[in-house]
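Report on the structure given below.
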Amino acid sequence: MLTESRLQPATYTRTAILLHGVMALLIAGGFSIGLFMVELPLSPLKLQLYSYHKWTGVSVAALLFLRFVWRGLHPPPPLPAGMPGWEASAAHASHLLLYLLMICVPLSGWLMSSAKGVTTVYLGLWALPNAVARDEALGFFLGALHRILTYALLAFVVLHVAAALKHHFIDRDGVLGRMFHLNRSRP
Amino acid sequence: MKTIAIVLSLLLASTCTQAAEYKRVDLSASQIRFTSRQMGVPVDGAFRKFDASVAFDPEAPSAARGQLRIDLSSIDTGVREVDEEVVGAHWFDVKRHPDARFEMRQILPQGGERFQISGTLTLKGVTQPVVLNAVLKRSASQAVMEGSFIIKRLDFGIGGGVWGDVKVVANEVTVQFQLVLRP
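Going down the list, the protein sequences come from chains A and B. First residue of the first sequence: 1, per our numbering; consecutive thereafter. First residue of the second sequence: 1, per our numbering; consecutive thereafter.
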C-alpha cells in the first residue's frame, strides 16, 4: 500500500518556490526597466526609473541572501535518478553561476552608482553606504562591467528556462514539477 | 624699557587682529555648495564662479555691507547631463538670467562668533528675503564665515513644468557657503 506522501515526488518547499518566483519577477522587471531607462533623455521619468531599478537590485540581493539561508536549511529535492552524470554536473554548475551573477549584477550596479557619486537610497528611505569614492573613470568601467554581467545573467536565465522546458517536454522526467508542483498527476 | 615696548607692540598687534575690518573675499579659497534631493537621493554640487564684496568689522556689524553674485552656468553637480539640463529654460534659464545675487541688508550679532545675516536673494528674476545664521572663525590673517540656508526652488520658478513634481526633485535646496574674508 502506497501512502499519499510516497506518491508525491519531492518538490521544493513552498518558501523556496515563492522566493524563486518573486526573484524571477524582480529580475525580469529590473532588467526591462534598465534596458528602457538608459536610452531616455534626462527627465523626471528617467530619475524615477533609475530609482526603481536600483530598489529592484537591492531587493534581489536581499532576497538572494534569504534564499541562501533557506537553501542551507532545506536542501533542494534530488535530481531524477536516471540523469547522466555530466547533465547533473552541468545543472549544478549553471545554478552556481546563476547565483553568482544574481549577486554580482546588483553589486556592480551599487559600485557603479557609488563611483558616479550617486548614493543608492533604498525605497527613498534608507541610504546605502557609498562603496567607493566618486571617480568618473571607475564609474565608466563599472558601468561596462554591470552591462556585461547583466547580459551573462540573461544568457544563463535563457539556458535555465530552456533546460527546464527540455526536461519537461522532451525528457518528461519531472524536473520542472519540483518547482511548479506539476508532478501530482504523474504516476 | 625694551620689554615694555615689546609688550606694548604685542598688545597693539593683538588688538589690531581682533578689530580688523574685513574688506576682501578670497574667492579661490571660498566655496558655495548646495544639496538637493531627487527620489530621496542627496545630490551635492557647487558653483565654481562667483564674485563677492564685503566690508565687515565684527566689532561694528551694523555698518557691514556685502554682496554676492554667482555665475549660474558654473554649476558643477558631477554629472555632465545634469549640469547641461539645469542651465536650461526649465531650471536657471541662464540665457536670460545668468546670475544669482545676494544683497546683504543686516548682520545681527548673536553672541560669540555667531551672526544672523538677512538680505535678499534674486534668482531667475524673483527676489525673496533670506535670513540665515553664520559662524565666523577668526585667525590672525583671515576669517572664515560659514553658514547655510534652505531655499524652495519653486518659489523662484526653478524647475517648473514637467520638473514641478517635488516627489521626484525636492523643493528644498540647502545652500552652504564658506567665505574666506581678508582685511
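Glycine included, each C-beta is placed from N, C-alpha and C at the ideal position.
Check, Outcome
"Thr11/A at chain B interface by Cβ criterion, 8 Å", "no"
"Exposed unless 16 or more other CB atoms sit within 10 angstroms - verdict on Thr120/B", "exposed"
"Rounded straight-line distance, which links the Cα of Ser32/A to that of Asp44/B", "29 Å"
"Distance between beta carbons of Met39/B and Gly124/A, contact taken as under 8 Å", "5 Å"
"Gln67/B beta carbon less than 8 Å from that of Met104/B", "yes"
"Contact set between the stretch 141-165 of chain A and chain B, restricted to residues whose Cβ is under 7 Å from the partner", "none"
"Buried versus exposed, by CB contacts within 10 Å (16 or more), Trp86/A", "exposed"
"Inter-stretch contact (C-beta, 8 Å, three-pair minimum) for the stretch 167-174 of chain B and the stretch 79-93 of chain B", "no"
"Under 7 Å from the C-beta of Trp163/B: neighbouring residues of chain A", "Pro44"
"Within-8 Å CB hit, Gln38/B to chain A", "yes"
"Those residues which DSSP pairs with Pro129/B across a bridge", "Thr120/B"
"Proximal residues of chain B, C-beta to C-beta of Leu125/A below 9 Å", "Gly40"
"Beta carbon proximity, Pro187/A to chain B, threshold 8 Å", "Bear in mind that a pLDDT of 41 at Pro187/A, under 50, signals an unreliable position, so the model cannot answer this."
"Within chain A, partners of Gly157/B - CB distance below 7 Å", "Those within 7 Å of Gly157/B in chain A number zero; the least Cβ separation is about 17 Å."
"is_contact[Val168/B, chain A] using C-beta, thresh 8 Å", "yes"
"Per DSSP, cross-strand counterpart(s) of Gln31/B", "Gln178/B"
"Alpha-carbon to alpha-carbon, Arg153/B and Lys137/B", "30 Å"
"Within-8 Å CB hit, Ser51/A to chain B", "yes"
"Short CB-CB distance (under 8 Å) between Val175/A and chain B", "no"
"C-alpha distance - Ser53/B paired with Glu146/B, whole-angstrom precision", "16 Å"
"Partner residues on chain D for Thr119/A, Cβ-Cβ distance less than 7 Å", "The chain inventory of the structure shown lacks chain D, comprising the protein chains A and B."
"Start-to-end residues for the alpha helix (DSSP H) that takes in Ser114/A", "85-115"
"Members of the stretch 85-116 of chain B near chain A, C-beta cut-off 9 Å", "Glu85"
"Buried or exposed by the 16-neighbour rule on C-beta atoms within 10 Å, applied to Val175/B", "buried"
"Rounded distance between the beta-carbons of Ile103/A and Leu64/A, thought under 8 Å", "6 Å"
"7 Å Cβ shell around Pro78/A - same chain, five flanking residues per side excluded", "Ala10"
"Per-residue contacts from Leu138/A into chain B (C-beta, under 7 Å)", "The premise fails here: Leu138/A is roughly 13 Å from chain B at the closest Cβ pair, so nothing lies under 7 Å."
"Phe92/B and Ile158/B closer than 8 Å at C-beta", "yes"
"Local Cβ density within 10 Å of Thr15/A, reported as buried at 16 or more and exposed below that", "exposed"
"Amino acids of chain A, ordered along the chain, whose beta-carbon sits closer than 8 Å to that of Glu172/B", "By Cβ distance, chain A contributes nothing, its closest Cβ being about 15 Å from Glu172/B, past 8 Å."
"C-beta contact flag for Ala100/B and Leu123/B at 8 Å", "yes"
"Beta-bridge pairing of Arg96/B - partner residues as DSSP gives them", "DSSP lists no partner for Arg96/B."
"According to DSSP, residues forming a beta bridge with Asp51/B", "Arg69/B"
"Helix, strand or coil at Gly45/B [DSSP, three-state]", "strand"
"8 Å Cβ cut-off: residues of chain B touching Leu47/A", "Gln38, Met39, Val168, Val169"
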